[in-house]
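The structure under discussion appears below in the form of structure tokens.
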Amino acid sequence: MSVFFVRGGISLKGNVSISGAKNAAVAIIPAALISNTPCTIENIPNIRDVDTLLDIISDMGARVQRLDEHTIVIDPTQLGCPVVPYEVTKKMRASYYILGALLGRFGKADVAMPGGCKIGARPIDQHIKGFRAIGVDIKMENGMIKARSEKLAGGLVYFDTVSVGATINVMLASVRAAGTTVLENAAKEPHVVDVANFLNTLGADILGAGTDIIRVKGVKSLTGRSYSIVPDQIEAGTFMLCAMATRGDVEISNVTPKHLYTITDKLKDVGAVITEFDDSIRVQMSGGISNTNIKTMPYPGFPTDMQPQMVSLLSLASGTSIVTEGIWESRFKYVDELARLGAKLRVNDRTVVIEGTNQFTAAPVKATDLRAGAALVIAALAAKGTTKIEHVHHIERGYEDIVGKLQKLGADIVRSDDSPLPGAAHDSGTGSFSSYSSVRECS
Ligand code: UD1
């Protein structure tokens, strides 16, 4: 397994360019399957989750061609309606979007209940509620979700809880339904808007994405086009914290500053000097970090996907901070690892109390999930000595070339290279997607 070695204590300086958003990419790739003709997707992040998903859709019968490091073509014309087993969906939680995409394309789907990051129970009852509201009959059998519809027809969905996944999934399923589907209490995250923009580029008729009511007027077909994915606000936020933890001066480019407002606002509160430009921001930090309190909430609230990184930063603040997790019920599993570097943390249910410390000191640690891994990288960059971080495959699921980007900012970080980096050439354009012939189609 690959590991990172990080010698801390160096102030980061320079410019880092942010990649396309992971959470948009993992929804837009399945969304491309609804189209009748090939789509070109630009600004695709070169990360393991994208590789996994491209493998999955190739095995399902889509042709995937990588034009360059950040551009792919997805040709869904050969796609049948494959049964998607647990061996496939357990690889990543976002494989639930395949259910919505197959429903949008064929009006039926057999997809195993997904696996994913272990940060909470992660039910999909709201996805199911939405599918039922547009005329889909859903049965659970032997761990499989069997979804059938005589005819998808627009309906009204009121989500009991704000769910990114359910909002996007029902949007995918309803995009070609007869009539209009109204999604109330919808999620407003930038990647929800990005998926709607992608589908609209293909000819869909979706209004209101980014507000809590989305209207999807069904269209007969979608036609493949080119589309560029939005920048990843969580990757940007993570680099902002790397700059702050090392008392650095970093310009973060290829970002949408307004997607970062909540993060920017909080970071100014705790001492960062932040300057915004059209598509970049500069983070400067010379003095100490102040304490604060945070509660994570759906967008535009403070993002849960920045919570572990923020706990890492606030561990270096003067005074006591309190961070409350408002989305996931067990997202503090990493605190023991952070404590090995010197953080003083007390967890009580969904709250962590952080006693600030002046200095982290290096220790061997392991990433327990994607964002927890990012929190350890931030701590290691600030720590005295050389920290070894194990299980970095979690980090590489969602951060493109994090080692290279940090090195460019002056960090002393290396990856011991005993497993390949994400982004291996992906090209099934020649028609050699062998597993498809053995895939069973849903009846
Ligand atoms: C997405 C993000 C993830 C982020 C999360 C919250 C992707 C691929 N992942 O996950 O990084 O942490 O949003 O911003 O985009 N819930 C239900 N029933 C459902 C669905 C969700 O009760 O049917 C609950 C969940 O348990 C959780 C909350 O709603 O407490 C939010 O979940 P949701 O927004 O659906 O998260 P994901 O889409 O899985």
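Residue numbering for the sequence shown follows my numbering, beginning at 43 and increasing consecutively.
Beta carbons are placed, not taken as given, at the ideal position from N, Cα and C, and that holds for glycine.
Keep in mind that this is a model prediction, so the values were computed, not measured.
Under 8 angstroms by Cβ, that's how I've got residue i and residue j pegged, so tell me the actual separation to the nearest angstrom.
| i | j | result |
| --- | --- | --- |
| Ile-89 | Glu-438 | 7 angstroms |
| Thr-429 | Val-48 | 5 angstroms |
| His-169 | Ala-69 | Between Ala-69 and His-169 the Cβ distance is about 13 angstroms, and since that is not below 8 angstroms, they are no contact. |
| Ala-215 | Gly-146 | 5 angstroms |
| Ser-360 | Asn-333 | 6 angstroms |
| Thr-288 | Leu-54 | 5 angstroms |
| Ala-66 | Val-377 | That pair is no contact at about 29 angstroms. |
| Thr-79 | Thr-265 | 5 angstroms |
| Leu-380 | Thr-403 | Actually they do not touch by this definition, with Cβ atoms about 12 angstroms apart. |
| Gln-401 | Lys-426 | 6 angstroms |
| Gly-260 | Arg-218 | 6 angstroms |
| Leu-144 | Val-153 | 7 angstroms |
| Arg-190 | Lys-132 | 23 angstroms between Cβ atoms; not a contact. |
| Ala-453 | Leu-423 | 6 angstroms |
| Glu-442 | Ser-61 | 4 angstroms |
| Leu-241 | Ala-73 | 6 angstroms |
Of the residues the options, which one's Cα is nearest the Cα of residue i?
| i | options | result |
| --- | --- | --- |
| Ser-100 | Thr-362, Pro-87, Ile-116 and Asp-91 | Ile-116 |
| Asp-236 | Ile-71, Leu-418, Gly-415 and Arg-457 | Ile-71 |
| Ser-322 | Glu-293, Lys-150, Met-102 and Thr-304 | Glu-293 |
| Gln-120 | Val-106, Pro-127, Tyr-128 and Val-130 | Val-106 |
| Asp-459 | His-433, Pro-156 and Gly-440 | His-433 |
| Ile-98 | Arg-108, Pro-87 and Val-126 | Val-126 |
| Asp-274 | Ile-336, Trp-370, Thr-203 and Asp-347 | Asp-347 |
| Leu-198 | Ser-191, Thr-223 and Val-178 | Thr-223 |
| Phe-148 | Arg-174, Gln-401, Val-206 and Ile-76 | Ile-76 |
| His-436 | Thr-410, Gly-384 and Asp-391 | Thr-410 |
| Val-353 | Thr-366, Gly-330, Ala-73 and Ile-316 | Thr-366 |
| Ser-372 | Ser-363, Ala-73, Lys-386 and Thr-393 | Thr-393 |
| Pro-165 | Thr-131, Ala-208 and Lys-181 | Ala-208 |
| Ile-276 | Gly-250, Ile-305, Gly-252 and Ala-151 | Ile-305 |
| Gln-351 | Gly-330, Asn-227, Ala-421 and Ser-363 | Ala-421 |
| Pro-464 | Asn-239, Leu-95 and Arg-413 | Leu-95 |
| Gly-488 | Asp-454, Gly-415 and Ile-431 | Since the first residue of the chain shown is 43 and the last is 485, residue 488 is not available in this structure. |
| Arg-413 | Pro-406, Lys-386, Leu-283 and Leu-451 | Leu-283 |
| Gly-368 | Met-102, Ile-396, Phe-344 and Thr-280 | Phe-344 |
| Gly-330 | Lys-310, Gly-446 and Val-58 | Lys-310 |
| Asp-320 | Glu-442, His-301, Ala-314 and Met-102 | His-301 |
| Pro-340 | Ile-86, Asn-227, Ser-59 and Ala-195 | Asn-227 |
| Ala-314 | Asp-307, Met-327 and Tyr-303 | Met-327 |
| Glu-183 | Met-155, Ile-176 and Thr-203 | Met-155 |
| Ile-364 | Asp-391, Ala-385 and Ile-336 | Ile-336 |
| Arg-108 | Gly-122, Cys-123, Met-102 and Val-92 | Val-92 |
| Gly-279 | Ala-385, His-112 and Ala-63 | Ala-63 |
Helix or strand or just coil, what does DSSP make of residue i?
| i | result |
| --- | --- |
| Val-353 | helix |
| Met-213 | helix |
| Gly-471 | A caution first: Gly-471 carries a pLDDT of 42, below 50, which makes its placement in the model too unreliable to give a value. |
| Ile-60 | coil |
| Ser-263 | coil |
| Val-258 | strand |
| Leu-249 | strand |
| Gly-51 | coil |
| Arg-457 | strand |
| Tyr-128 | helix |
| Ala-136 | helix |
| Ala-359 | coil |
| Ile-437 | helix |
| Asp-443 | coil |
| Ala-143 | helix |
| Ile-83 | strand |
| Thr-338 | strand |
| Ser-479 | With a pLDDT of 37 at Ser-479, under the threshold of 50, the modelled position of this residue cannot be trusted, and the question is left open. |
| Ile-166 | coil |
| Val-272 | coil |
| Phe-450 | One detail in the question is off: residue 450 reads as Lys in this sequence, not Phe. If DSSP states are grouped into helix, strand and coil, Lys-450 belongs with the helices. |
| Glu-367 | coil |
| Lys-375 | coil |
| Ile-487 | Because the chain is modelled from 43 through 485, residue 487 falls outside the range shown and cannot be assessed. |
| Ala-67 | helix |
Tell me whether residue i, by its Cβ, gets closer than 7 angstroms to a heavy atom of ligand 2.
| i | result |
| --- | --- |
| His-435 | Absence of ligand 2 from the depicted structure is noted, with ligand 1 being the only ligands included. |
Strictly under 8 angstroms for the Cβ-Cβ distance: is residue i near chain B by that measure?
| i | result |
| --- | --- |
| Leu-95 | Absent here is chain B; the protein component of the structure consists of one chain. |
Every unbroken alpha helix (DSSP H) within the segment 382-421, with a cutoff of 4 residues, ordered by chain
none
Where are the beta strand (DSSP E) runs, 3 residues long or more, that stay fully inside the segment 94-121, in chain order?
105-110 and 113-117
As an exercise, report each continuous alpha helix (DSSP H) stretch of at least 4 residues that is fully enclosed by the segment 274-325, in chain order.
275-287 and 303-311
Return the chain-ordered ranges of every alpha helix (DSSP H) run that is complete within the segment 177-237 and spans a minimum of 4 residues.
206-216
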